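Enquirer: The listed protein sequences derive, respectively, from chains E and Y.
Position one of the first sequence corresponds to residue 144 (the numbering used here), numbered consecutively onward.
Position one of the second sequence corresponds to residue 296 (the numbering used here), numbered consecutively onward.
Backbone N, C-alpha and C define an ideal beta-carbon position, used for all residues, glycine too.
This one's a predicted model, so the numbers in the text were calculated from it and none came from an experiment.
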Amino acid sequence: AQSVSQHNHHVILSEAASLELGCNYSYGGTVNLFWYVQYPGQHLQLLLKYFSGDPLVKGIKGFEAEFIKSKFSFNLRKPSVQWSDTAEYFCAVIKASGNTGKLIFGQGTTLQVKP
Amino acid sequence: EPEVTQTPSHQVTQMGQEVILRCVPISNHLYFYWYRQILGQKVEFLVSFYNNEISEKSEIFDDQFSVERPDGSNFTLKIRSTKLEDSAMYFCASSEFQGIGGTQYFGPGTRLLVL
Numbered sequence: 144a145q146s147v148s149q150h151n152h153h154v155i156l157s158e159a160a161s162l163e164l165g166c167n168y169s170y171g172g173t174v175n176l177f178w179y180v181q182y183p184g185q186h187l188q189l190l191l192k193y194f195s196g197d198p199l200v201k202g203i204k205g206f207e208a209e210f211i212k213s214k215f216s217f218n219l220r221k222p223s224v225q226w227s228d229t230a231e232y233f234c235a236v237i238k239a240s241g242n243t244g245k246l247i248f249g250q251g252t253t254l255q256v257k258p
Numbered sequence: 296e297p298e299v300t301q302t303p304s305h306q307v308t309q310m311g312q313e314v315i316l317r318c319v320p321i322s323n324h325l326y327f328y329w330y331r332q333i334l335g336q337k338v339e340f341l342v343s344f345y346n347n348e349i350s351e352k353s354e355i356f357d358d359q360f361s362v363e364r365p366d367g368s369n370f371t372l373k374i375r376s377t378k379l380e381d382s383a384m385y386f387c388a389s390s391e392f393q394g395i396g397g398t399q400y401f402g403p404g405t406r407l408l409v410l
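1) Would you please verify whether the beta carbon of Lys257(E) is less than 8 Å from any beta carbon of chain Y?
2) Compare the Cα-Cα distances from Gly202(E) to each of Glu158(E), Gly196(E) and Lys192(E) and report the closest residue.
3) For Arg331(Y), count neighbouring C-beta atoms within 10 Å of its own C-beta (all shown protein chains included) and say buried if the count is 16 or more, exposed if not.
4) Quick one: does His186(E) have its CB under 8 Å from some CB of chain Y?
5) Along the region 323-338 of chain Y, what residues have a CB closer than 8 Å to any CB found in chain E?
6) Let's test the definition: count the other Cβ atoms within 10 Å of the Cβ of Asp358(Y) and tell me whether it reaches 16, buried, or not, exposed.
7) Secondary structure at Glu391(Y), three-state DSSP: helix, strand or coil?
8) Just to confirm my understanding: we take Arg258(Y), look at its own chain, exclude 5 residues before and 5 after, and list those with CB closer than 8 Å. What are they?
9) By the three-class DSSP mapping on this structure, what secondary structure does Ser350(Y) have?
10) At what residue ranges does the region 312-360 of chain Y contain a whole run of the beta strand (DSSP E), taking only runs of 3 or more?
11) What's the call for Asp411(Y), buried or exposed, on a 16-neighbour Cβ count within 10 Å?
12) Going by beta carbon distance, what residues of the same chain come within less than 8 Å of Gln145(E), once the five residues before and after it are set aside?
13) Return the first residue and the last residue of the beta strand (DSSP E) that Ser216(E) is part of.
14) Just verifying my parser: in three-state terms, what is the DSSP assignment at Ser146(E)?
15) Which value, in whole angstroms, describes the spacing of the CA atoms of Ser353(Y) and Thr252(E)?
16) Taking its Cβ as the centre, do 16 or more other Cβ atoms sit within 10 Å of Ser161(E), making it buried, or is it exposed?
17) For chain B, check one thing: does any of its Cβ atoms lie closer than 8 Å to the Cβ of Gly196(E)?
18) Tell me whether Leu410(Y) sits in a helix, a strand or coil according to DSSP, three-state version.
19) Going by C-alpha to C-alpha distance, which of Glu163(E), Gln185(E) and Phe194(E) sits closest to Phe177(E)?
20) Taking 8 Å as the CB-CB cut-off, is Gly244(E) touching chain Y?
21) Is there a C-beta anywhere in chain Y that falls below 8 Å from the one on Gln145(E)?
22) List the residues of chain E that Glu351(Y) touches, going by C-beta distances under 9 Å, in chain order.
23) Have a look at Gln135(E) and Leu379(Y) and give me their C-alpha separation to the nearest angstrom.
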């Protein structure tokens, strides 16, 4: 079965530290990839997405992610985190075949940024 | 910016009771989804819906679940006879396109507690 794995369950960083959250998926065909963020008490918001083209995609709030097809990875990065980045981050995948819109989520990574 | 809205934000019900969770998707979106997240677990796909028909449903979406678009704006999830294990956060999402190329926008969720 297709799956999405996020390697880090809980990450604690100090402000200004660099962030990289890992995401791997287990599907060999064409996919779209997403990172969603859920701030405390709020709903899932789209951070960035990859559909095609440049594998390095930039999102909101200074986040970026790189799609490496050979590694089935879509890691999220930010050079310098802020306290306001404290949230839960979800990687998600849609596969091309079937085309019903089913998003497959990773288990999420809780990021805590210390001021 | 248009948003997906959901009501109620919280619902407490007794086991065996019927609940209806409501969603208002973004107005020009044609594809609708329900997901759920049991506390501490992944966000899981339940169902996708288009043109008054279910496009895909997961194994979780058994005969106790149903979805409906009763009018031009609402999209509902009904659980006929709730079980304790139905306690979860339920998210509605909508998209302009389905599958590859479509971005799903999520509502704030309804937290359902079954006692």
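Expert: In brief:
1) Not one beta carbon of chain Y lies nearer than 8 Å to the beta carbon of Lys257(E).
2) Considering only alpha carbons, the answer is Lys192(E).
3) With 16 or more other Cβ atoms inside 10 Å of its own Cβ, Arg331(Y) counts as buried.
4) Yes, because at least one Cβ of chain Y sits closer than 8 Å to the Cβ of His186(E).
5) From the region 323-338 of chain Y, only Tyr326, Tyr328, Tyr330, Gln336, Lys337 and Val338 have a Cβ closer than 8 Å to chain E.
6) Burial state of Asp358(Y) is exposed, judged by a 10 Å Cβ sphere holding fewer than 16 other Cβ atoms.
7) Coil at Glu391(Y), not helix or strand.
8) Since the first residue of chain Y shown is 296 and the last is 410, residue 258(Y) is not available in this structure.
9) Note: Ser350(Y) maps to strand in three-state DSSP.
10) 314-319, 326-332, 338-345 and 348-352, all fully within the region 312-360 of chain Y.
11) Residue 411(Y) cannot be examined here, being either before or after the span of chain Y that is shown, 296 to 410.
12) Result list for Gln145(E): Tyr168, Ser169, Tyr170, Val236, Lys238 and Ile247, in chain order.
13) Start and end: Ser216 to Lys221.
14) In this structure, Ser146(E) counts as coil in the three-state DSSP scheme.
15) Going by the C-alpha atoms only, they are around 24 Å apart.
16) Counting Cβ neighbours within 10 Å, Ser161(E) comes out exposed, since fewer than 16 surround it.
17) Absent here is chain B; the protein component of the structure consists of chains E and Y.
18) The answer is coil: DSSP assigns Leu410(Y) none of H, G, I, E or B.
19) Answer by Cα proximity: Phe194(E).
20) Answer yes: the Cβ-Cβ gap between Gly244(E) and chain Y drops below 8 Å somewhere.
21) Chain Y, which has no Cβ nearer than 8 Å to the Cβ of Gln145(E), makes this no.
22) Within chain E, the residues Gly241, Thr243, Gly244 and Lys245 have their CB atoms less than 9 Å from the CB of Glu351(Y), given in chain order.
23) This structure does not reach residue 135(E), given that chain E is present from 144 up to 258, and the question cannot be answered.
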